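Chemist: Residue numbers (this note's numbering): 12 to 289. For glycine and all other residues, C-beta sits at the position ideal for the given N, C-alpha and C. If you're wondering where the values come from, they're calculated on a predicted model, not measured in any experiment.
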């Protein structure tokens, strides 16, 4: 059987002034292994192109570092082998007249900071990272300060309450490692009503990644416990994705819906056709 591993990471703003209309310039990193091929894609959202001559990014996949340049708001990088246990991180830098400023960063490793990646780019200086750390440093604690997070959330209450009601264990599960990322995603992006209204025991948000396109990130529960972290792309039942591992969930007329891939909340391995639509 072909090995399939997929990791998705939201890149948060760490320097202001690079987005349209005063909004944040953010990004999404997707690292995907399909058989012997592993490719990383970075998609930059809401970036004001006049702010840079080109963009640079630094990727960390496992213990290996990769750098790339692009004059458009996306990168595709061939990387080495991807293991399920690998940490991933990405730093985005806007370069204008040979001066660079890091504006977005994300990592699955709470001990890694933007400076650790910025040193691989000569022109890039990190700004406002300490403020970013202060806002996120407590997300890996066993308990969450729900009131504080609710006050910060643009889409309050439901996603945070969903996380808080999940039954916790002493085991270091994939969900425990990913909870920080999920909180940030749920706080940042708008709800995906098409899935929230049709799939029980779940919460989904829409993450923009190119032009007007989006994908969805969701948390699914069973009997009060997190069972899957899921990613979906809108589509039709008769037009499946090229990638393996997706299952279709209909939201309208059994034809229109989402192609969804799930990661087991305990192990992080891909799970095809989970319980909720079999």
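Considering residue 110, what are the terminal residues of the beta strand (DSSP E) in which it resides?
Modeler: DSSP places residue 110 inside the beta strand (DSSP E), whose first and last residues are 110–118.
Chemist: I need the DSSP call for residue 97, collapsed to helix, strand or coil.
Modeler: It is coil, neither helix nor strand.
Chemist: At which residue ranges does the segment 12–80 contain complete beta strand (DSSP E) runs of 3 or more residues, listed in the order of the chain?
Modeler: 15–24, 37–45, 48–56, 65–72
Chemist: Classify residue 75: buried if its beta carbon has 16 or more other beta carbons within 10 angstroms, exposed otherwise.
Modeler: exposed
Chemist: Would you kindly work out how many angstroms separate the C-alpha atoms of residue 217 and residue 228, rounded to a whole number?
Modeler: 7 Å
Chemist: Restricting to Cα atoms, I'd like to know which of 60, 108, 239, 124 is closest to residue 186.
Modeler: Check the Cα spacing between residue 186 and each of 60, 108, 239, 124: the tightest is with 239.
Chemist: Taking Cβ positions, are residue 256 and residue 276 nearer each other than 8 Å?
Modeler: With respect to the 8 Å criterion, residue 256 and residue 276 are not classified as neighbours on the basis of their beta carbons.
Chemist: Could you check if residue 237 is buried or exposed, using at least 16 other CB atoms within 10 Å of its CB as the buried criterion?
Modeler: buried
Chemist: How big is the Cα-Cα spacing for residue 247 and residue 43?
Modeler: Between residue 247 and residue 43, the C-alpha separation is close to 23 Å.
Chemist: Give the C-beta separation of residue 17 and residue 272 to the nearest angstrom, bearing in mind that I take them to be a contact with Cβ-Cβ under 8 Å.
Modeler: 6 Å
Chemist: Measure the C-alpha to C-alpha separation of residue 127 and residue 112 and round it to an integer number of angstroms.
Modeler: 15 Å
Chemist: Kindly list the residues whose CB is nearer than 7 Å to the CB of residue 23, restricted to its own chain and excluding five residues on each side of it in sequence; keep chain order.
Modeler: 37, 115, 116, 117, 143, 195
Chemist: To which residues does DSSP link residue 241 through a beta bridge?
Modeler: 229, 273
Chemist: Given a cut-off of 8 Å on the beta-carbon distance, is the pair residue 41 and residue 28 in contact?
Modeler: no
Chemist: Are residue 192 and residue 119 close, meaning C-beta to C-beta below 8 Å?
Modeler: yes
Chemist: Skipping 5 residues on each side, what residues in its chain have a beta carbon closer than 7 Å to that of residue 184?
Modeler: 276, 277
Chemist: Quick one: residues in its chain with C-beta nearer than 8 Å to the C-beta of residue 212, no 5 flanking neighbours on either side, listed in chain order?
Modeler: 231, 232, 233, 287
Chemist: If you drop the 5 nearest sequence neighbours on each side, which residues of the same chain put their C-beta closer than 8 Å to that of residue 252?
Modeler: 244, 246, 270
Chemist: Measure the alpha-carbon distance for residue 172 versus residue 125 and round it to whole angstroms.
Modeler: Because the pLDDT at residue 172 is just 40, under 50, the model does not fix this residue reliably, and the value given afterwards should be weighed accordingly. Residue 172 and residue 125: Cα-Cα distance of roughly 30 Å.
Chemist: Mind checking who residue 263 pairs with in its DSSP beta bridge?
Modeler: 267
Chemist: Considering only C-alpha positions, which residue in the set 57, 91, 225, 83 is nearest to residue 72?
Modeler: 91
Chemist: Which value, in whole angstroms, describes the spacing of the CA atoms of residue 78 and residue 63?
Modeler: Cα to Cα, residue 78 sits roughly 17 Å from residue 63.
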